[in-house]
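This report concerns only the one structure given below.
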Amino acid sequence: MRIERYVTPRLTADGAGAPFADPVNARAEKICAALIIAASFILFSLYSVLTPLFEASDELWHYPMVQHLATGGGLPVQRAGQTDAEAPWRQEGSQPPLYYWIAAAFSAPFDSSNWRDIRRINPHSDMGVPTRDGNVNVVLHTPAEAWPWERATLAVRAARLASILMSTATVFFAYLVARELFPNDAARRTRDASLLRLASPVIVACTPMFAFISGAINNDNAAVLFSTVGLWWALRLMRLGDLSLKSAVVAGAIAGLGALSKSSALGLVGLFGLAGLLTAVDARRKAQDAPRSLVFRLSSFVFVTLVVTLLISGWWFVRNQALYGDLLGWNAFLDVVGRRDQPASPAQLWSEREGFIWAYWGVFGAMNVIMSPWVYDVLNGLAALAVVGLVLRVASAVLGKAPLRQDAGRQILLCLFWVALVFVALVRWTSLTPASQGRLMFPCIAVISAALAYGWRVLHRHVLLGACAGLAALAIIAPFAFIAPTYTQPPNRWTQRLPLTVNAKFGGAVCLQEAGLETTGVPQPGDEVTLHLNWLLAQPVTRNYSVFVHLIDEHDVIVAQRDMYPGQGSLALSEQPAGRRWSDRYTLRLSPLTPAPKQLRWAVGLYDHATGERLPLANGDDRAIFGAIELGRRTDASPLLRYANGLELLGYALDPSALMPGATLTVTTRWRAARPLPDDLNVSLQLLDDGANKIAQQDLGQMLTQWPAGEEIALTHALAVSDDATPGVYRLLLVWYAPDNFARLPAYDAPGQFVGDQITLTRLRVR
């Protein structure tokens, strides 16, 4: 005899099949849910409008893929080394095509033939790196982007509309997920359940990063949609005990469409498999079916789900295998986007945790526009409060004070499995290529948001309401406070007068008038120094020149540099009128490995990035040299480098600091073993030019296994410079390697970031 779990198994308006219905509350909840969904559409549209074209994560490459398909192009074949003219979509040409087909359908009615004219790439953009001196824009923007939109601008906006609609649908299905997780029952007041069901989609929509990506051309929007739909369907089939053919076909269709949006959505097959297994186990526990019948139903469900998934998306993976020898196409993707020098270690991934969390809450632009740091602290604090609430709820259930609903355990297990699956897949991916971005957890944002809502509600209803209101306010304010101002061009004036008069006129047109150093003391290796400059365009120019700012030592060796377009990277100089004034600031980071103390000077000039040609001064030089900075000794006692085996570089000294052919360079390095070292290695110091031509080298074998842990040990290298060494600048390279197989030892900086296995300590001039 079949036992019905609820009075009615159908999905009612007041909850996920719950019997304790209140028609008035149910109607009010439906109205509120509709308002939330409509408000989400408006919010995502706001982000879309206020984010300049191509200034969203990888949109610079997503749109060319859309445009290619919208104008009748076929699926591209990826090859390493393709230029922007050949493959402007870069790694996105390796992505499954469903999202791009949908966006292309929205974009196709509009003339996009001038799309390259509005996609003028900024070669100096600091993509993925928030900076203190701007230079975040990935393109030089043009008046053609302004309202009223037309041609390619309109085509891009139309493609963004596809994303907005997908994410609006995601909010709707996040609401359905919450209905499954928070049904009305005898132990929970209807008002509380309704509040949780409404709060969950609000948190989804008002997560600033989600709203930002929702207004951008990005295939994550489709992947997140199908993942959220899949989670809802898995929860639903568990509630209904539905392992029918129809349920399997729908599950397979969701997984197949998800996989055609992004390969990571293949995890939906595992989600449905676990949902089917939990459903079968629950049915067996209730003695609803014989074991043999349950096994048949479960295996049939899984088989049909797999078959439908493969029927929809299998052709894509067969194509990948045929073209690249890789079902997922990862090799082709990584060949274009670039691999890590070696797979990231757990320590390195842990060192990237702050950026990962920030990118869940909101890092805009090309992953280089951040909110005020205190905003992340507040958001992390709210998340911690939710965790406290969840822990209290679990403790209450364990102690028997407030038992969980009968089916809550299965739902929690399924949700935890989905979050873990997405997270493990992301860790695997980001160990291969730098991708430590919390936004890549959005396939399970419905679960995370529901957990946040529940944790806050456990603490107090007002905590939940306050957190949701705060998130909503932040989501509305963020595009006005953090996104739009970032891309505003500087005014036609100097923001302040600067103390040092330079009066350097480049090419008879571009005048560097004044300079000033922003400093809070004597800088040390590892510090940042900021230079302010006031510029004047005396005559129009025909090229978009770049500015270089160098810090040079007494031997004219570049110690640090910064290159960008004028106006913090926003000005196309060829489009500026005579008399245009602007102020710029340039923040240069001094490597912690820089030898000190020494005196540094500024060297500033302009050049054409396409040709490397510099604008000359009237005296024939091509740079203005001015100012002086005293670089002090490093006072931080932490190691400069940490090696994988426990070896630490504490410091080094050079004698002399400049060389002649035939001279000897003496390098004294100071080391410490943080723990007993497992193997004996060789250490090599080499002098090489930028073409890897070697003029000096000395390798020393070291009995590292005999080094006492914690004691400082000095090593001295004497490098004899070749008699026929060509005058120029050479880099001093440090390498530890195994003497038997020459395997190099990886090194990490103080925060734990991998910096390579061939370390450039400094640069020296050979005269």
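If you read the sequence shown in my numbering, its first letter stands for residue 1373, the second for the next number, and so on.
C-beta atoms are modelled at their ideal positions from N, C-alpha and C, and glycine is treated no differently.
Reference residue i; option with closest CA among the options
i	options	result
Lys-1634	Ala-1428, Leu-1788, Leu-1798, Val-1791	Leu-1798
Ile-1729	Pro-1580, Leu-1425, Arg-2103	Pro-1580
Phe-1482	Ala-1516, Ala-1442, Gln-1896	Ala-1442
Asp-2008	Arg-1961, Phe-1689, Gly-2018, Gln-1896	Gln-1896
Arg-1811	Val-1622, Ala-1731, Leu-1649, Ala-1881	Ala-1731
Tyr-2024	Glu-1517, Arg-2006, Asn-2017	Arg-2006
Trp-1722	Gln-1809, Ala-1887, Leu-1670	Gln-1809
Pro-1912	Ala-1932, Val-1931, Ser-1946, Glu-1900	Ser-1946
Trp-1907	Asn-2054, Arg-1532, Glu-1900, Ala-1887	Ala-1887
Ile-1671	Leu-2049, Asp-1713, Ser-1616	According to the sequence displayed, residue 1671 carries Ser and not Ile. Answer by Cα proximity: Ser-1616.
Ser-1485	Val-1501, Ala-1459, His-1440, Ala-1452	His-1440
Leu-2087	Glu-1431, Pro-1988, Ser-2056, Arg-1782	Ser-2056
Ala-1964	Phe-1545, Met-1499, Gly-1686, Thr-2134	The displayed chain sequence assigns Pro, not Ala, to residue 1964. Nearest option by C-alpha distance: Thr-2134.
Trp-1604	Gly-1898, Leu-1972, Ser-1619	Ser-1619
Leu-1824	Asp-1779, Phe-1789, Leu-1757	Leu-1757
Thr-2098	Ile-1924, Leu-2076, Gly-2063	Gly-2063
Gln-1861	Gln-1933, Asp-1956, Val-1819, Ala-1818	Asp-1956
Arg-1829	Phe-1426, Gly-2100, Leu-1568	Leu-1568
Phe-1795	Asn-1864, His-1496, Ala-1637	Ala-1637
Ala-2068	Leu-2059, Ala-1774, Met-2075	Leu-2059
Gln-1454	Gln-1971, Ile-1997, Asp-1707, Met-2075	Asp-1707
Element boundaries [beta strand (DSSP E), containing residue i]
i	result
Ala-1975	1970-1979
Phe-1998	1996-2003
Ala-2090	2084-2092
Phe-2126	2126-2128
Ile-2131	2131-2138
Ile-1930	1930-1936
Ile-1585	Per DSSP, Ile-1585 belongs to no beta strand (DSSP E); it is in the alpha helix (DSSP H), 1580-1586.
Leu-1788	First-last for Leu-1788: 1780-1804, but that is the alpha helix (DSSP H), not the beta strand (DSSP E).
Ile-2067	2066-2074
Phe-1920	1918-1924
Trp-2108	2100-2109
Ser-1955	1953-1961
Distance between beta carbons of residue j and residue i, contact taken as under 8 Å
i	j	result
Ser-1535	Ala-1550	Contact doesn't hold; Cβ gap of about 23 Å is too wide.
Thr-2036	Leu-1962	The Cβ separation is near 28 Å, so there is no contact.
Arg-2139	Ala-2030	6 Å
Thr-1651	Gly-1624	Thr-1651 to Gly-1624, Cβ: 16 Å. No contact.
Ala-1530	Ser-1479	5 Å
Val-1641	Leu-1607	So it is not a contact: roughly 16 Å between Cβ atoms.
Asn-1916	Ala-1950	About 16 Å; that fails the 8 Å criterion.
Burial state of residue i, where buried means 16 or more other Cβ atoms lie within 10 Å
i	result
Val-1976	buried
Ile-1414	exposed
Met-1610	buried
Gly-1727	buried
Met-2032	exposed
His-1922	buried
Thr-1542	buried
Phe-1668	exposed
Gly-1639	buried
His-1513	buried
Ala-2119	buried
Ile-1930	exposed
Arg-1377	Because Arg-1377 carries a pLDDT of 34, less than 50, the predicted location of this residue cannot be relied on, and no value is offered for it.
Trp-1954	buried
Phe-1554	buried
Phe-1705	buried
Check: residue i C-beta below 8 Å from any heavy atom of the ligand ATP
i	result
Leu-1632	Inclusion of the ligand ATP in the displayed structure is not the case, the ligand content being empty and no account of it being possible.
Residue range of the alpha helix (DSSP H) that includes residue i
i	result
Ser-1535	1523-1553
Asp-1592	1592-1612
Thr-1514	Element bounds for Thr-1514: n/a, residue is neither H nor E.
Met-1813	No alpha helix (DSSP H) contains Met-1813, which DSSP labels as neither H nor E.
Asp-1654	1639-1657
Phe-1878	Taken as a continuous stretch (DSSP letters only), Phe-1878 belongs to no alpha helix (DSSP H), being part of the beta strand (DSSP E) at 1872-1878.
Glu-1431	1431-1442
Arg-1314	Nothing can be reported for residue 1314, as the shown portion of the chain is limited to 1373 through 2139.
Ser-1619	1617-1631
Chain B within 9 Å of residue i, Cβ atoms only
i	result
Gly-1587	No chain B appears in this structure, which consists of one protein chain only.
>> Just to confirm the assignment: which complete alpha helix (DSSP H) runs, minimum length 4, are found wholly within the region 1690-1767?
In response: 1702-1709, 1718-1723, 1725-1733
> Which parts of the region 1988-2060 are runs of the beta strand (DSSP E), unbroken and 3 residues or longer, counting only runs that do not cross its ends?
Replying inline: 1996-2003, 2013-2015, 2019-2027, 2036-2045, 2053-2060
> What runs of the alpha helix (DSSP H), each 4 residues or longer, lie entirely inside the region 1829-1896?
Replying inline: 1833-1850
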